[in-house]
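Colleague: Just so we're aligned, residue 1 is where the sequence shown starts under full-length UniProt numbering, counting upward by one.
Take this structure first; my questions come after.
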Amino acid sequence: MVLAIESNNLYIGYESEENLILWVVEDLSLEIEHGTTFCLIGESGCGKSTIGNAVAGLLPPYARTKGKLSIFGHTVIDGDSRRFNGVRGRVVVKIPQDPASSLNPFMTIGEQLSLAIKHYYPKLGNGDVKNKVFELLEDVKLEKNVFDLYPHQLSGGMKQRAAIALALASEPRILVADEPTSALDAYLRISIANLLKKLQKEWELTLVFITHDVSIARHVCDSIAVIYAGRVVELGEASKVLNKPMHPYTELLLMAIPRRLSRERLVDIPGMPPPPGKYPSGCKFHPRCPYVFDKCRLLEPLLKKLDSEAVRCWKYYE
C-alpha cells in the first residue's frame, strides 16, 4: 500500500486578538491510500476546507500548525514549519469551490490551459501544447469549441469542468476538490461527481473530496472521515460509515438527509456547532447528543479503532 497522505496529530489554528491560538483542526491523524477517493464530510465551519488547504499547501502564512503532514512520504508540515516547494501545484492541486475564482475572465479557456501547460512543460512546442489542451477538454467532457470561449460564455457546469481541466494541466497525483458541486443543481452535482470519480480512476489519482452533501459522498467515496468541531469523530470505509454509522453525529447527519418518496419526517440536529475557542469541555458533541451521559461532559474520548473503522465516542469504551 502506497500512502499518498499521512498526518500525525496535526493541529491547524489562527491567533486571536488576545494572542491565543484558536485551533480549528485538532489531533488529525489520517492515512489515505494512493489511488482512492477519500471524503471529508461535516457541517459548514467544521474544518474540512482547512484540512484541504493544508494538504494542498494553501494555508495562509499567518496560520499556526503543529504535528506532521506527509505527501508520498515527504514531510510538508513539521511543527510550525511548512515546506511545499515542488509539491504545491505539481503533486497536489486544489479545485476551488467557486470555479470562476480560478478562471481569468479576460482570457479564453484555450489560452488559460495553454499557459498552464507551458508553465509546467516549457519544452513543448505550440502544436503539442494545443493538442494537450484538446485532450484535457475531452477528458472533462467539453467540446473543442470551448477552446475559443471566455468564462462568461460558459454555464456553471462548464466552468466547473474547465476548472478541473486547469487543475489537471500539471498532471498531479493528488486532487483536492473542495465542495466542487455546491453551486450546481442536483443533476449537475451528480454529473460533476461522476466526472471526478472517472478521472480519479483513469488518471490513477488520489481524490480528496470535501463536501457537506452526504448523498454525493455516498456516490463517489471509498473511505470517509466525519468531521465535527475540528476533530474526526468517525473514520472508515464509506459503505460502512454511511450504512451503519457508529457516532451519534454521523447518525443524525444521515437522518437529516431528504429521501425520495419517503414520508418520514426529517430529523433536525439540535443546537449549533461550537465555534473555535468556544468548544465545550468533554466531548465536543455532547450538548447536541441524544445519548449523552455524565462522562461525556467531563472527558473527551480518543479516536478508538474498531476493526476497519474508528470512532470518537464513549459508548464504545463501555
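Even glycine gets a Cβ: it sits at the ideal position worked out from N, Cα and C.
Computed from a predicted model, the values in this text were never measured in an experiment.
Could you check which residue in A193, D128, R297, G277 has the C-alpha nearest to that of C46?
Modeller: Here the closest residue by C-alpha is G277.
Colleague: Taking P270 as the reference, give the member of E43, L168, R288 with the closest Cα.
Modeller: Minimum Cα distance to P270 is reached at R288.
Colleague: Assuming the contact rule is C-beta atoms closer than 8 angstroms, A100 and P180 should be a hit. Round their C-beta distance to whole Å, please.
Modeller: Not a contact, Cβ separation roughly 13 angstroms.
Colleague: Should the stretch 96-110 be called in touch with the stretch 140-150, which here means at least 3 C-beta pairs below 8 angstroms?
Modeller: Short answer: they touch.
Colleague: How is S215 classed by DSSP in three states: helix, strand or coil?
Modeller: It is helical.
Colleague: Could you check whether the Cβ of N9 sits closer than 8 angstroms to any Cβ belonging to chain C?
Modeller: The question asks about chain C, but that chain is absent: this structure has only one protein chain.
Colleague: Whole angstroms is fine: what's the gap from G79's alpha carbon to E31's?
Modeller: Between G79 and E31, the C-alpha separation is close to 18 angstroms.
Colleague: According to the Cβ coordinates, are V214 and R312 closer than 8 angstroms?
Modeller: The answer is no: Cβ separation not under 8 angstroms.
Colleague: Under the three-state reduction of DSSP, which class applies to D222: helix, strand or coil?
Modeller: It is coil, neither helix nor strand.
Colleague: How many Å lie between P280 and E251 at the Cα?
Modeller: Whole-angstrom Cα-Cα distance: 21 angstroms.
Colleague: Okay, do the stretch 8-24 and the stretch 43-62 touch, 3+ Cβ pairs below 8 angstroms being the bar?
Modeller: The stretch 8-24, when compared against the stretch 43-62, does touch it at the 8 angstroms Cβ threshold.
Colleague: I need the DSSP call for R64, collapsed to helix, strand or coil.
Modeller: In the structure shown, R64 sits in a strand (DSSP, three-state: E or B).
Colleague: Contact between the stretch 190-204 and the stretch 51-66: three or more CB pairs below 8 angstroms?
Modeller: Because the criterion of three Cβ pairs below 8 angstroms is not met, the stretch 190-204 and the stretch 51-66 do not touch.
Colleague: Below 8 angstroms on the Cβ atoms is my contact criterion, and I expect D178 with K94 to pass it. Report the Cβ-Cβ distance as a whole number of Å.
Modeller: About 6 angstroms; that satisfies the 8 angstroms criterion.
Colleague: Only counting the same chain, and skipping five residues up and downstream in sequence, which positions put a Cβ closer than 8 angstroms to that of G236?
Modeller: Contacts found: S223, I224, S308, E309, A310.
Colleague: Give the single residue among E18, F285, S182 whose Cα lies nearest to the Cα of Q160.
Modeller: Considering only alpha carbons, the answer is S182.
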